[in-house]
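To start, the structure under review is shown below, and the notes come after it.
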Amino acid sequence: MNNKIILLRNVWKIFSTPKVTALKNVSLEISRGEFISIIGPSGSGKSTLLHLIGGLDKPSRGEIIVDNMNITEINDDIKLSRYRNTVIGFVFQMYYLVPRLNVLQNVELPLIARGLDPEMRRKMAIEALEFVGLGKRLKHKPNQLSGGEQQRVAIARAIAGKPKILLADEPTGNLDSVNARNIMDLFRRMNREIGLTIVMATHNLQLIKYCDRVVRLMDGEIIGIYDKSEYEILLKHLTLEK
Amino acid sequence: MRIPDYFLIAYTSFNERRGRSIGAVIGIVIAVISLTLALGMGRSFQILFTSQFEKIFGVNSIFVIASNINDVDIAYIKTIHGVEDVIGITYTNGIILSGESRGVSIMAIDPSKLNVIYGVDKIDEVIEEGSAEMKGLGFIMGGHVWKNFQTGEKIHEAGEGIVIKVYTSSGVKEISGIVVGLAKARQSGFIGVNPDNSIIMDIDTYFSLIDNSRNYKLLYVLAEKPEYTDSIAKSIRVLIPRARTFNPSFITEQFNKFIGSLQLYLGMISGISMFIIGLWIFDTMTINVLQRTKEIGIMKAIGFKKKDILLLFLSETILTTIIGVFIGIILTIFLAPYVRLGMFDTSISPVITPDIAFIAILLPFISNIFAAYIPARRAANLDPLGALRYE
Chain A
5 MNNKIILLRN VWKIFSTPKV TALKNVSLEI SRGEFISIIG PSGSGKSTLL
55 HLIGGLDKPS RGEIIVDNMN ITEINDDIKL SRYRNTVIGF VFQMYYLVPR
105 LNVLQNVELP LIARGLDPEM RRKMAIEALE FVGLGKRLKH KPNQLSGGEQ
155 QRVAIARAIA GKPKILLADE PTGNLDSVNA RNIMDLFRRM NREIGLTIVM
205 ATHNLQLIKY CDRVVRLMDG EIIGIYDKSE YEILLKHLTL EK
Chain B
74 MRIPDYFLIA YTSFNERRGR SIGAVIGIVI AVISLTLALG MGRSFQILFT
124 SQFEKIFGVN SIFVIASNIN DVDIAYIKTI HGVEDVIGIT YTNGIILSGE
174 SRGVSIMAID PSKLNVIYGV DKIDEVIEEG SAEMKGLGFI MGGHVWKNFQ
224 TGEKIHEAGE GIVIKVYTSS GVKEISGIVV GLAKARQSGF IGVNPDNSII
274 MDIDTYFSLI DNSRNYKLLY VLAEKPEYTD SIAKSIRVLI PRARTFNPSF
324 ITEQFNKFIG SLQLYLGMIS GISMFIIGLW IFDTMTINVL QRTKEIGIMK
374 AIGFKKKDIL LLFLSETILT TIIGVFIGII LTIFLAPYVR LGMFDTSISP
424 VITPDIAFIA ILLPFISNIF AAYIPARRAA NLDPLGALRY E
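Those protein sequences? They're chains A and B, same order as listed. Heads up, our numbering is the position in the first sequence plus 4, with the first residue counted as 1. Heads up, our numbering is the position in the second sequence plus 73, with the first residue counted as 1.
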């Protein structure tokens, strides 16, 4: 099995109206079980990169190979949906829970899309909710939960179907520091205990310490890839830049 | 996705938008009730008319009207395939001179066939008083002749001797005879001559005393089966070109076609309510899609297919329609006996037959699914990123 779970080769993303080049010739390799952080200022292309890996958008040029699948060649809605459902788990800054559904139903959603029977999906959803520490809040509606809890429900929804990759777009952007730390602890547990590959976009530099590598984006280009030994220098450099 | 899951998610949405959902359900209920009652009333009218018509004329009968029909013609007609019997009848006008003078028809028929005209097995069944033995100068008085039509008072009796002035082609004759029996009113029509307003006599007596031409004015032809009547009527018109035929089953068939068109018209008027509900569903679903754009985005991001999104929205419409149609049909069954329309000295209520129920169930489904399809398809085709970013 190829150890590289994500391969980006010369990926470009150009939006037509207005004409904006969001990604310029991006090439990147991510190994299985890696916890990668993508940092950069707003508009640097972090979210676009996640959307392309997640199959929510298509690159203008280049190819993206995920789990040995060239997803740039998938044009069929059924195959693309199955890819999003089985390979990818998404966590967004705004949680995006369905307000009328309770916690359990929200987490069951991707399993419903997969066509699993109610007993199986309930078991998997409860397992995911217990993992994020919300095993006793099954019947609560999203508006009865705090922001941190809602994000944990969103994480449970993302991992309930046991995806291979978790894509997190500013997952702590709406949380206070305590909740942000809790979410990051959870990500680290998922990465270490389940072996989940995590790609997280953030502009919060305090979070990079949880990651194995940091990819720095600027104006759609990768301007640096750093491992843990380089974090201290990177942080000093970024602080000075500010 | 499993089919029950579509309805599970649809139910949560139905419940969340309770106000609009209940509004839509009420609309569907009204539409179903109005459509079912309109079609049911049309069907009831059709059943009543057909039964009355068949009772009056008989479905397997053909009336042949022509002057100068003779025994040879009858013999020819009897050879036509499907003819069971041919009864020759003739009639003229007359006046009863005994007692209260009044105009009547003089109807002449083979006494052994009189029961056929009255639609009974034995003629005795329709004799109110006296007997049916009208041999020679024995007459039977029709149900409206022996009593005063307006007061109902009996003015003639069985066994009474009467004198009748009879108008024939060769002049006026007076004949005397005895009323052997008083017949009950037939209360049904007959072509050419009405037995209820007649003095009925033996046709042999008529031909020997009143008109010795032995020509019949009316033939009552009985077919073996109602479906033969059309072809028999055609054959008779070929055999006797001067004859006019009156075929009740053909009339019934034409009437049923007319009622079918009337029902369609009534259904279309009721269908306006279906159209309005369709607009309501379209509007509700369009708003629904707009309000849930982000939800559609997240659903697509976590693996729901276009088809799933389309069917999810259609399931909401189907669920709303199922509830509306179910309540509508139950209420219609409950209300139908209380909806009455006076007709033919009776009153009719809508008849809810399986085909009407089927139409009343099917039509809302078709119109609502059609109305919901466009917004549902729009939802299904939403770009997931665009939907997630929608404000």
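Each residue gets a CB set at the ideal place from its N, CA and C atoms; glycine is no exception.
Check: CA nearest to the CA of Pro457 (chain B), picked from A:Asp81, A:Thr90, A:Gly199, A:Glu112; Outcome: A:Asp81
Check: Reduced DSSP secondary structure (H/G/I, E/B, other) of Ala26 (chain A); Outcome: strand
Check: Identity of the residues DSSP links to Lys17 (chain A) by a beta bridge; Outcome: A:Leu27
Check: Beta-carbon proximity list for Leu143 (chain A), same chain, < 8 Å, skipping 5 on both sides; Outcome: Before going further, note that residue 143 (chain A) is Lys rather than Leu in the sequence given. These residues qualify, in order along the chain: Asn106, Val107, Leu108.
Check: Proximal residues to Asn147 (chain A) (C-beta, below 7 Å), its chain only, five neighbours per side dropped; Outcome: Pro103
Check: Segment contact, 8 Å Cβ cut-off, at least three pairs: the stretch 431-443 of chain B with the stretch 116-124 of chain B; Outcome: no
Check: Counted within 10 angstroms of its Cβ, other Cβ atoms place Arg196 (chain A) as buried (16 or more) or exposed; Outcome: exposed
Check: Short CB-CB distance (under 8 Å) between Ala97 (chain B) and chain A; Outcome: no
Check: First and last residue of the uninterrupted alpha helix (DSSP H) at Asn208 (chain A); Outcome: Asn208 (chain A) -> no alpha helix (DSSP H), and no H or E assigned at all.
Check: Arg450 (chain B), DSSP secondary structure in three states; Outcome: helix
Check: Buried or exposed (CB count within 10 angstroms, at least 16 for buried), Ile447 (chain B); Outcome: exposed
Check: Chain B contacts made by the stretch 101-121 of chain A, where a contact means CB separation under 7 Å; Outcome: Val102, Arg104, Leu105, Leu113, Pro114, Ile116, Ala117, Arg118, Gly119
Check: Alpha carbon of His120 (chain A) to alpha carbon of Lys330 (chain B), nearest angstrom; Outcome: Sequence check: residue 120 (chain A) is Leu here, not His. If you take the alpha carbons of Leu120 (chain A) and Lys330 (chain B), they lie about 53 Å apart.
Check: Backbone CA spacing between Ala205 (chain A) and Val398 (chain B) [nearest angstrom]; Outcome: 51 Å
Check: Rounded straight-line distance, which links the Cα of Ile375 (chain B) to that of Ile198 (chain A); Outcome: 20 Å
Check: C-alpha gap between Ile248 (chain B) and Ser304 (chain B), whole angstroms; Outcome: 41 Å
Check: Length of the line joining the Cα atoms of Pro423 (chain B) and Ser134 (chain B); Outcome: 30 Å
Check: Short CB-CB distance (under 8 Å) between Asp180 (chain A) and chain B; Outcome: no
Check: Per-residue contacts from Ile82 (chain A) into chain B (C-beta, under 9 Å); Outcome: Lys378, Lys379, Lys380
Check: Chain-ordered neighbours of Met74 (chain B) on chain A, where CB pairs are closer than 9 Å; Outcome: Ile116, Ala117, Arg118, Gly119
Check: Closer than 8 Å to chain A by CB, Pro465 (chain B); Outcome: The structure shown does not extend to residue 465 (chain B), since chain B is modelled only from 74 to 464, so the question has no answer here.
Check: Segment contact, 8 Å Cβ cut-off, at least three pairs: the stretch 135-150 of chain B with the stretch 284-291 of chain B; Outcome: yes
Check: Segment contact flag, the stretch 195-205 of chain B with the stretch 250-260 of chain B, C-beta cutoff 8 Å, min 3 pairs; Outcome: yes
Check: Straight-line Cα distance separating Leu113 (chain A) from Asp381 (chain B); Outcome: 12 Å
Check: Closest by C-alpha distance to Pro321 (chain B), when choosing among B:Lys298, B:Gly176, B:Met372; Outcome: B:Lys298
Check: Residue-level contact to chain B via CB, Arg88 (chain A), 8 Å cutoff; Outcome: yes
Check: DSSP three-state assignment for Thr152 (chain B), whether helix, strand or coil; Outcome: coil
Check: The stretch 43-59 of chain A contacting the stretch 87-96 of chain A, beta-carbon criterion three pairs below 8 Å; Outcome: yes
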